[in-house]
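The next block holds one structure in the form of structure tokens; read it before the comments.
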Amino acid sequence: MKALNVAVLALLLVITSIAQAEMSHMGMRMGEWGMVMNENLQDLPQGCLKIAGVQKITIKAGREYAKPFPGTIFGYSQHEFNLPKCTQINVTFINEDNIRHQFMIHGLPTYLHPQGMFHMELYAKGEVKGTFITPSSDKTYLAHCDVAQHMEKGMKAQVKVGDGSGNLPSIPGVSGQLNKDVYALDLSVANIILVILLFFLGLASCLFFFIWRKH
Ligand SMILES: [Cu+2]
């Protein structure tokens, strides 16, 4: 019986240590304030011989940053980041609103970040720090807040590593709005014919009532 207890205890210890290893590997920290997920503090991306340097960036999220961009409600203090390759980036994320905001970078190497994602989140006003290492090739990564409608309403940024790979659509201040309202004049043949027909119909009814009133 004693031997069985010891065996069960040993098994539990092994399971716990595997679970803990998994947690630290995933680099997840969470609390009442929010979370930081899929952080990478030391693993080298493929093609990087060493960590080329360390750089700090600060991203503030809030309604205040939507003001310069008509049609947006939310924004980041900066919507474009230019970062060198193979560099450790220490990110400070600050939420200035009293609602949930995120700063998520997508498309990163999946062997370093599950689902290619580095995720920082604050449930209300606050500040959190997180770290990732930029990959070794020129690419533009999408960064956004995934709370419903926040990206569509302006909380979208691009992270250019090296020379990047072009601009992403609808980045405030960089590539304009995705669903822009269009008020251009539609000069198709059908529309022109309709306008001419309506003009003559109006003219004919004016003439008709003018002549009819005369009699
Ligand atoms: Cu948000």
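Numbered according to the numbering used here, the sequence shown spans residues 7 to 221.
All C-beta atoms, glycine included, are put in the ideal place defined by N, C-alpha and C.
Going by beta-carbon coordinates alone, are residue i and residue j separated by less than 8 Å?
i: Ser83; j: Lys62; result: no
i: His119; j: Cys151; result: no
i: Ile57; j: Thr93; result: yes
i: Pro175; j: Phe75; result: no
i: Thr146; j: Lys162; result: no
i: Asn44; j: Met123; result: yes
i: Gly113; j: Met126; result: no
i: Gly160; j: Ile79; result: yes
i: Gly132; j: Asn173; result: no
In terms of residue numbering, what span does the alpha helix (DSSP H) encompassing residue i cover?
i: Phe216; result: 195 to 220
Specify, as a first and last residue, the run of the beta strand (DSSP E) that residue i falls within.
i: Asn104; result: Per DSSP, Asn104 belongs to no beta strand (DSSP E) and is neither H nor E.
What distance in whole Å lies between the Cβ atoms of residue j and residue i, which are believed to be in contact at a cut-off of 8 Å?
i: Gly53; j: Ser142; result: 3 Å
i: Val153; j: Trp39; result: Not a contact, Cβ separation roughly 16 Å.
i: Asn46; j: Phe109; result: So it is not a contact: roughly 15 Å between Cβ atoms.
i: His85; j: Val180; result: 6 Å
What residue ranges within the segment 120 to 178 form continuous beta strand (DSSP E) runs of no fewer than 3 residues, ordered along the chain?
124 to 128, 132 to 139, 145 to 150, 162 to 167
At what residue ranges does the segment 31 to 86 contain a whole run of the beta strand (DSSP E), taking only runs of 3 or more?
35 to 37, 40 to 43, 59 to 68
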